[in-house]
Amino acid sequence: MTSAPFHPAGPARRTVVAAAGAAGLAVALTACSGSDDASDDSGAAAAPPASEGAGGEGAGAALAATADIPEGGGKVFADQKVVVTQPTAGEFKAFSATCTHQGCAVKSVSDGVINCPCHNSNFSITDGSVQGGPAPKPLPAVQITVSGDSIRLAG
Numbered sequence: 002m003t004s005a006p007f008h009p010a011g012p013a014r015r016t017v018v019a020a021a022g023a024a025g026l027a028v029a030l031t032a033c034s035g036s037d038d039a040s041d042d043s044g045a046a047a048a049p050p051a052s053e054g055a056g057g058e059g060a061g062a063a064l065a066a067t068a069d070i071p072e073g074g075g076k077v078f079a080d081q082k083v084v085v086t087q088p089t090a091g092e093f094k095a096f097s098a099t100c101t102h103q104g105c106a107v108k109s110v111s112d113g114v115i116n117c118p119c120h121n122s123n124f125s126i127t128d129g130s131v132q133g134g135p136a137p138k139p140l141p142a143v144q145i146t147v148s149g150d151s152i153r154l155a156g
């Protein structure tokens with residue numbers, strides 16, 4: 002009695018593995034491509050809030066008292082799309098509160114960094130530079146003026 006070779010119905014193992022690999026590659030390329038496109042868009046979108054804040058309706062409006070901004074930290078002003086920091090005593094900086102990764106709003110300042118909760122990008126309170134996460138560019142600076150104990154948007 003001879004046995005006939007077994008040929009299962011359906012695709013061969015090699016075909017299934019190749020298709021799974023191709024599908025995984027397609028997903029990875031799509032994810033990378035989508036992130037790059039969003040970065041380019043958010044970089045362009047991040048600049049207008051800063052310029053609107055500097056020259057728009059909120060220009061000259063008091064943001065906070067200097068005592069409201071902790072030394073070595075900062076505060077996010079969501080309505081104005083600005084984050085104000087105090088890296089060292091008496092030195093105040095301001096940046097766009099729109100993350101350069103995908104345009105999410107940064108939400109907090111802690112341990113010397115500005116934090117974006119969407120994909121965990123972190124930015125320096127001193128110069129807005131990227132300290133971690135997928136953000137491709139620093140947060141754009143926003144012009145402020147400090148007069149006495151009042152911090153205002155310049156304009």
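Numbering of the sequence shown is given in the numbering used here, commencing with residue 2 and proceeding in unit increments.
Backbone N, C-alpha and C define an ideal beta-carbon position, used for all residues, glycine too.
Practice item. Could you say if the segment 143-155 and the segment 102-116 meet the contact criterion of at least three C-beta pairs nearer than 8 Å? Key: no
Review point. Cα separation between Val85 and Arg15?
Key: 58 Å
Point to revise | Spatial distance of Asn121 from Gly156 (CA atoms) | key: 32 Å
Practice item. Given a cut-off of 8 Å, decide if Ile126 and Lys94 are closer than it, judged by their beta-carbon atoms. Key: yes
Point to revise | Burial state of Ser97 (16 or more Cβ within 10 Å) | key: buried
**Study point:** Classification of Gly129 by the beta-carbon crowding that lies within 10 angstroms, buried from 16 upward
**Key:** buried
Check your understanding: Quick one: what's got a C-beta closer than 6 Å to Ser109's C-beta in the same chain, skipping five residues either side?
Key -> Asn116
Review point. Closest by CA to Gln87, which one among Asn123, Asp69 and Gln132?
Key: Asp69
Exercise for review: Sort Val143, Cys100 and Gly61 by Cα distance to Pro137 and report the nearest one.
Suggested key: Cys100
Point to revise | Distance, Gly74 Cα to Phe124 Cα | key: 12 Å
**Study point:** Boundaries (first-last residue) of the beta strand (DSSP E) holding Ser186
**Key:** Within the shown structure, residues of the chain are numbered from 2 to 156, placing residue 186 beyond reach of any answer.
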